[in-house]
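A.B. asks: Would you mind keeping the following structure in view while I ask a few things?
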Amino acid sequence: MSSAITGWEHPDPLQRADDGLNCHHDGQGGKKAGQAGSSSSSQPTYSVLDVPPWYLCILLGIQHFLTALGGLVAVPLILAKDLCLQHDPLTQSYLISTIFFVSGLCTLLQVFLGVRLPILQGGTFAFVAPSLAMLSLPAWKCPEWTFNASLVNTSSPEFTEEWQKRIRELQGAIMVASCVQMLVGFSGLIGFLMRFIGPLTIAPTISLVALPLFDSAGSNAGVHWGIAAVTIFLIVLFSQYLKNVAVPVPVCGGKKCHTSKFYLFQVFPVLLALCLSWLLCFVLTVTNALPTAPTAYGHLARTDTKGNVLSQAPWFRFPYPGQWGLPTISLAGVFGIIAGVISSMVESVGDYYACARLVGAPPPPRHAVNRGIGIEGLGCLLAGAWGTGNGTTSYSENVGALGITRVGSRMVMVAAGCLLLVMGVFGKIGAAFATIPTPVIGGMFLVMFGVITAVGISNLQYVDMNSSRNLFIFGFSIYCGLAIPSWVNNNAEKLQTGILQLDQVIQVLLTMGMFVGGFLGFFLDNTIPGSLEERGLLVWNQMQEDSEETAKALEVYRLPCGIGTKVCTSSCTQYLPFWPRLGAGSREQGRNLLARLFQDPSGARGKGASETKL
């Protein structure tokens with residue numbers, strides 16, 4: 039996702055001085071119970087098992103919500119045009135509220151039953167490309183009259199059916215593809231697949247998620263390039279130039295109050311830029327500096343073009359499964375979304391290990407990774423049932439936020455999940471985001487998509503880029519990932535086989551740059567001879583070796599309420615790939631007990647204990 043524009047690329051974010059709102063002090067200035075016991079700055083203030091004060095959980099939960107806000111809002115706004123909703127901001131607000139609600143629900147599932155790390159779940163750009171490819175098929179292209187605002191009656195049954203039948207098609211494809219993800223996760227196949235998926239597969243796949251979206255970003259920004267340029271300038275200013283500027287804020291702990299440094303621009307660059315650009319558009323609208331004629335250049339930059347959305351939106355609206363009707367299924371859509379699922383799974387596995395490192399937890403063992411991927415598949419199933427038009431995945435920028443706040447408690451993410459649920463029910467919130475002026479959205483997209491492309495390319499740091507083999511694989515994969523979809527879009531009639539369903543599958547897959555580039559990278563990387571170090575696979579192997587079953591790992595990654603330890607302890611469950619392994623943890627506890635026997639009461643080792651191998 040967009041980690042660089044949210045400021046998480048700092049070389050050592052854990053060593054920031056006094057991050058503000060990142061630790062809780064008692065009246066004597068000491069940290070309260072629950073913090074990490076180490077004095078090292080690399081240790082989190084609150085580890086994954088600690089419970090911070092309730093108000094700190096709420097404040098940091100709000101911060102995680104705001105950090106993910108750009109990605110959550112962007113997905114439905116990107117899909118709006120191909121769903122025939124570009125002139126229906128009220129329905130766009132419903133989609134935004136729905137994705138808030140489902141993201142909160144999936145976050146709680148992941149924290150309690152999934153990998154059990156503090157990772158926020160939300161919409162994924164990996165599903166955007168296959169969704170747009172499916173909606174570009176002749177059968178799903180929007181009628182011409184839906185592009186003319188004067189001909190669109192958003193309350194008419196004809197218009198409602200036009201957009202609902204498209205999102206029902208997306209729902210069905212996402213729900214079927216999510217079953218594949220659940221199978222891969224709960225069966226343990228993800229570990230087997232990661233042996234063959236390396237950086238040379240991941241880099242072109244993630245890079246080509248955002249590259250084909252330049253047309254959408256350019257069209258939105260082109261509504262008024264001046265406003266879009268201001269938005270881009272502000273995002274770059276806050277996230278790059280002012281990220282190390284601390285703003286003093288008052289903090290009260292016990293009976294004493296003091297000022298603490300808070301890196302405001304580093305934490306909220308996108309939100310601040312959107313608000314300021316939005317305010318600029320409002321001022322230009324009030325002063326009539328922007329044209330009032332609907333056909334004039336810059337008219338969509340006015341804030342009153344969507345002003346009726348706030349008055350029309352209900353205060354409370356509870357999203358529910360099947361709210362757009364019964365989902366439909368097509369073979370082309372399912373195959374396209376499965377390609378997005380694979381990309382999402384690979385990215386999530388990397389997020390798990392990064393999150394564990396930042397919150398002071400041991401690397402996740404295989405059963406936790408399997409369970410996390412399986413729960414993400416369940417989240418995609420719920421997203422399809424509720425009708426977000428998208429799936430769910432782990433948010434990389436929120437993983438980075440843990441390094442800034444140094445608070446890795448699960449309870450903070452529980453607060454963030456509950457906040458998302460509330461925001462999804464509060465209808466006016468989604469309506470407010472649906473009224474963002476179009477060029478402001480375009481400016482945000484241009485920066486966000488550029489960063490996503492760079493994040494994909496950054497995976498190449500693990501491979502030997504002095505190797506002509508690797509240069510060929512990456513360059514050829516990227517170029518074909520751009521050239522082949524372009525040709526297929528312009529020559530779809532030349533790929534007719536006479537079987538409609540097969541034609542649609544071929545067209546959807548070959549118009550997805552991420553599938554073409556990722557498949558070529560995967561095939562070439564696994565067939566052209568090269569060492570594990572040259573291919574960058576030693577990193578993956580090292581992560582697997584570090585994922586040992588220890589007592590600490592069992593404590594962090596076990597299921598809640600004693601499941602697997604006090605109840606459901608049948609020996610048969612130990613053969614389930616997603617079930618915690620008790621044997622290794624018990625052995626580790628035994629070793630710890632024996633080690634304590636060789637210590638005197640003061641905690642020092644007894645004589646000769648260092649020479650004893652346990």
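Mapped onto our numbering, the consecutive letters of the sequence shown carry residue numbers 39 to 652. C-beta atoms are modelled at their ideal positions from N, C-alpha and C, and glycine is treated no differently. The model shown is predicted, which means the values in this text are computed figures rather than measured ones.
Are there 16 or more other CB atoms within 10 angstroms of the CB of proline 403, so buried, or fewer, so exposed?
C.D. replies: Buried.
A.B. asks: How should aspartate 253 be labelled, buried or exposed, when 16 other C-beta atoms within 10 angstroms of its C-beta is the threshold for buried?
C.D. replies: Exposed, by the Cβ-count rule.
A.B. asks: Buried or exposed for isoleucine 273, going by 16 or more other Cβ atoms inside 10 Å?
C.D. replies: It is buried - the Cβ of isoleucine 273 has at least 16 other Cβ atoms within 10 Å.
A.B. asks: Within the same chain, show all residues whose beta-carbon is closer than 7 angstroms to that of glycine 108, passing over the 5 residues directly before and after it, in chain order.
C.D. replies: Correct list, in chain order: Ser40, Val308, Met482 and Met486.
A.B. asks: Going by other Cβ atoms of all chains shown within 10 Å of its Cβ, with 16 needed for buried, is phenylalanine 510 buried or exposed?
C.D. replies: Burial call: exposed.
A.B. asks: Tell me, which residues are paired with glycine 160 by DSSP?
C.D. replies: Glycine 160 pairs with Thr431.
A.B. asks: So for threonine 565, helix, strand or coil by DSSP?
C.D. replies: In the structure shown, threonine 565 sits in a helix (DSSP, three-state: H, G or I).
A.B. asks: State the DSSP-derived secondary structure class of valine 153, mapped to helix, strand or coil.
C.D. replies: In this structure, valine 153 counts as coil in the three-state DSSP scheme.
A.B. asks: Which of the three DSSP states, helix, strand or coil, is assigned to isoleucine 367?
C.D. replies: In this structure, isoleucine 367 counts as coil in the three-state DSSP scheme.
A.B. asks: Find out if the Cβ-Cβ distance for the pair valine 140, alanine 589 is shorter than 8 angstroms.
C.D. replies: Not in contact: valine 140 and alanine 589 (Cβ atoms no closer than 8 angstroms).
A.B. asks: Which word fits cysteine 610, buried or exposed, when buried means at least 16 other C-beta atoms lie within 10 angstroms of its C-beta?
C.D. replies: Cysteine 610 is exposed by the Cβ-count criterion.
A.B. asks: On the CB-based measure, 16 or more other CB atoms within 10 Å of its CB, does aspartate 563 come out buried or exposed?
C.D. replies: When all chains shown are included, aspartate 563 counts as buried.
A.B. asks: Closer than 8 angstroms by C-beta to threonine 297: which residues in its own chain qualify, once you throw out the five before and the five after it? Chain order, please.
C.D. replies: Correct list, in chain order: Pro286, Val287, Pro288 and Val289.
A.B. asks: Is the number of C-beta pairs between the stretch 455-471 and the stretch 129-136 that are closer than 8 angstroms three or more?
C.D. replies: Enough Cβ pairs lie closer than 8 angstroms, so yes.
A.B. asks: Please look up how many angstroms separate the CB atoms of alanine 406 and arginine 154, rounded, as I've assumed it's under 8 angstroms.
C.D. replies: The Cβ separation is near 7 angstroms, so the contact holds.
A.B. asks: Exposed or buried, what is alanine 255 when buried is set at 16 or more other beta-carbons lying within 10 Å of its beta-carbon?
C.D. replies: When all chains shown are included, alanine 255 counts as buried.
A.B. asks: Under 7 angstroms Cβ to Cβ from phenylalanine 373, same chain only, skipping five residues before and after it: list those, please.
C.D. replies: Val543, Val546 and Leu547, listed in sequence order.
A.B. asks: Indicate whether the contact test is met: 3 or more Cβ pairs, each with one atom in the stretch 144-161 and one in the stretch 441-458, closer than 8 angstroms.
C.D. replies: Taking 8 angstroms as the limit for Cβ pairs, the verdict is that the stretch 441-458 does touch the stretch 144-161.
A.B. asks: Could you give the distance in angstroms between the alpha-carbon of glycine 410 and the alpha-carbon of glycine 427?
C.D. replies: Computed Cα separation, rounded: 22 angstroms.
A.B. asks: Which one of Ser608, Val437, Phe356 and Ile240 has the shortest CA to CA distance from leucine 575?
C.D. replies: The candidate whose alpha carbon is nearest that of leucine 575 is Ile240.
A.B. asks: Pull up the distance between the alpha-carbon of proline 523 and that of threonine 243, whole angstroms please.
C.D. replies: Straight-line Cα distance between these residues: approximately 14 angstroms.
A.B. asks: Taking 8 angstroms as the cut-off, does the stretch 153-170 touch the stretch 431-440 (at least 3 CB pairs, one atom from each stretch)?
C.D. replies: The stretch 431-440 is in contact with the stretch 153-170.
A.B. asks: Evaluate proline 618 with the Cβ neighbour count: other Cβ atoms within 10 Å of its Cβ, from every protein chain shown; 16 or more gives buried, anything less gives exposed.
C.D. replies: It counts as buried.
A.B. asks: Tell me the rounded alpha-carbon separation between valine 268 and serine 315.
C.D. replies: About 7 angstroms.
A.B. asks: Between leucine 221 and the rest of its own chain, which residues show a CB-CB distance below 8 angstroms, the 5 nearest in sequence each way excluded?
C.D. replies: Cβ neighbours of leucine 221 beyond the five flanking positions: Leu227 and Gly415.
A.B. asks: Going straight from the alpha carbon of tyrosine 358 to that of valine 463, what length do you get?
C.D. replies: Going by the C-alpha atoms only, they are around 10 angstroms apart.
A.B. asks: Could you check whether threonine 184 and cysteine 122 sit closer than 8 angstroms to each other, using their CB atoms as the reference points?
C.D. replies: For cysteine 122 and threonine 184, yes; Cβs fall inside 8 angstroms.
A.B. asks: Have a look at Arg355, Ile537 and Trp178 and flag the residue whose alpha-carbon is nearest the alpha-carbon of methionine 461.
C.D. replies: When only C-alpha atoms are compared, the closest one is Arg355.
A.B. asks: Helix, strand or coil: how does DSSP classify phenylalanine 300 here?
C.D. replies: In the structure shown, phenylalanine 300 sits in a strand (DSSP, three-state: E or B).
A.B. asks: Below 8 angstroms on the Cβ atoms is my contact criterion, and I expect threonine 341 with threonine 473 to pass it. Report the Cβ-Cβ distance as a whole number of Å.
C.D. replies: 7 angstroms between Cβ atoms; contact.
A.B. asks: Less than 8 angstroms between the beta carbons of tryptophan 424 and isoleucine 205, yes or no?
C.D. replies: Contact flag unset, no.
A.B. asks: Can you name, in chain order, every residue of its own chain whose Cβ lies under 6 angstroms from the Cβ of leucine 348, other than the five neighbours on each side?
C.D. replies: Here the set comprises Ala469.
A.B. asks: Give the range of the alpha helix (DSSP H) segment to which tyrosine 595 is assigned.
C.D. replies: Taken as a continuous stretch (DSSP letters only), the alpha helix (DSSP H) holding tyrosine 595 covers 589-595.
A.B. asks: Serine 245: which of Ala112, Val305 and Gly513 sits nearest, CA to CA?
C.D. replies: The candidate whose alpha carbon is nearest that of serine 245 is Gly513.
A.B. asks: Taking arginine 444 as the reference, which of Leu396, Phe103 and Val379 has the closest Cα?
C.D. replies: Measuring from the Cα of arginine 444, the nearest candidate turns out to be Leu396.
A.B. asks: Measuring CB atoms only, is the stretch 172-184 touching the stretch 495-506, in the sense that at least three cross pairs come out at less than 8 angstroms?
C.D. replies: Segments in contact, no.
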